[in-house]
Each structure stands twice: as structure tokens, then as C-alpha cells.
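Here it is in C-alpha cells:
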């Protein structure tokens with residue numbers, strides 16, 4: 546889901562949290578300002594083409 550909206554998968558932090566007697570992994574994603582601006586421009590262009 547996160548990747549579909551522009552986030553970039555960076556990796557997995559193994560056994561990052563201990564919850565209810567078990568260690569949990571964490572998937573890490575990033576979303577930079579530059580990527581946000583790029584996606585914003587793409588969306589604006591789609592809107593213009595739809596008009």
C-alpha cells in the first residue's frame with residue numbers, strides 16, 4: 546500500500562520491538578519532499594488532461 550502512494554521501501558528493522566512476549570519486525574519507508582513535489586506535479590497534470 547505505501548509504495549502505491551509514493552513511499553520508498555528502505556528495509557526491515559528485525560526484532561525492533563518487544564510486544565506481548567514476542568519481538569516484532571518493523572518495515573521502514575521514506576517519502577521525501579522531492580518525491581512529494583514530483584507526485585504533486587503528476588497529479589496536477591492528470592487533472593488538466595481530464596478537463
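In our numbering, the protein residues as written are 546 to 596.
We put the beta carbon where it would ideally sit given N, CA and C, even for glycine.
Computed from a prediction, not measured in an experiment: that's the story for all the values here.
Could you tell me the boundaries of the alpha helix (DSSP H) in which residue i lies?
i: residue 579; result: 578–595
Whose CA, out of the options, lies closest to the CA of residue i?
i: residue 575; options: 596, 557 and 595; result: 557
i: residue 579; options: 594, 551 and 568; result: 551
i: residue 553; options: 563, 584 and 595; result: 584
In the DSSP output, which residue or residues are listed as bridge partners for residue i?
i: residue 557; result: 572
i: residue 567; result: 564
If you check the beta carbons only, do residue i and residue j fall under 8 Å apart?
i: residue 559; j: residue 570; result: yes
i: residue 555; j: residue 573; result: yes
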